[in-house]
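Chemist:
In this note's numbering, the protein residues as written are -2 to 259.
1. Tell me the rounded alpha-carbon separation between residue 211 and residue 167.
2. So the candidates are 198, 141 and 180; which of them puts its Cα closest to the Cα of residue 101?
3. Do residue 57 and residue 132 have their C-beta atoms closer together than 9 Å?
4. State the Cα-Cα distance for the pair residue 203 and residue 158, rounded to the nearest angstrom.
5. Near residue 114, what residues of its chain come up, given a Cβ to Cβ distance below 6 Å and the 5 sequence neighbours on each side ignored?
6. State buried or exposed for residue 191, treating a residue as buried only when at least 16 other CB atoms are found within 10 Å of its CB.
7. Quick one: is residue 69 buried, meaning 16 or more other Cβ sit within 10 Å of its Cβ, or exposed?
8. Are residue 94 and residue 66 close, meaning C-beta to C-beta below 9 Å?
9. Taking Cβ to Cβ, would you say residue 97 is nearer than 9 Å to residue 60?
10. Do residue 89 and residue 75 have their C-beta atoms within less than 9 Å of each other?
11. When the Cβ atoms of the stretch 109 to 123 are set against those of the stretch 16 to 26, are three or more pairs found closer than 8 Å?
12. Using the Cα positions of residue 172 and residue 249, report the straight-line distance between them to the nearest angstrom.
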């Protein structure tokens, strides 16, 4: 009777691991340590930048109904934008005095290319004879950056101070933070800006042969900072500005509305 030999099937990696246990232990420790190091050194952001090829077109046209905005602004722009290659979806909203168009591109289109293409088509639409020529401003074509929608840090200020003092401290802190090169924008919230209401004596205004427009124009001209060019001083070129902003109520009271030449 022929003696049968039993064959034992073996799996190579398992056999190697059993015979070289110390080597397997060392490799396991190395892989575990490398994983911990990679995890701790991996860059992370609380609000990472989300790159999406979405372009928005905003066009103001005050004094027009939503129907007119749709006919005169939105449809001509959509017609041109529809001819762009790589467009995935177009959404538009027409309200009184304003048109908004959202253009979504395929992800194989970079935001820079998408922005350039939409700007070219908007310029082409504005060149059409039926497009309104009395717009207060050209259509605003921009890319929405989601990383700038939410602040990465909020700083709360409180204390036994007046609102004016808190505002001064907040503005000082705002300027210091804006000096950091990594910061793109700083906003102060929670404190309303002050405004001054000018009440006019209509009878006295008529007796002096003045109008509300004269008063508004005089205040506007006095509350203005004008650039005066630059001067060369000691070998350095310095900018010159004529600061005329109204900061005190007495300055507003002393504004000259109109002067007659003698």
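By construction, the Cβ of each residue, glycine as well, lies at the ideal position given by its N, Cα and C atoms. Predicted model only: the values in this text are computed from it and were never measured.
Modeler: Reading from the atomic positions:
1. Cα to Cα, the separation comes out at about 36 Å.
2. 141
3. yes
4. 45 Å
5. 81
6. exposed
7. buried
8. yes
9. no
10. yes
11. no
12. As the crow flies, the alpha-carbon of residue 172 is around 27 Å from that of residue 249.
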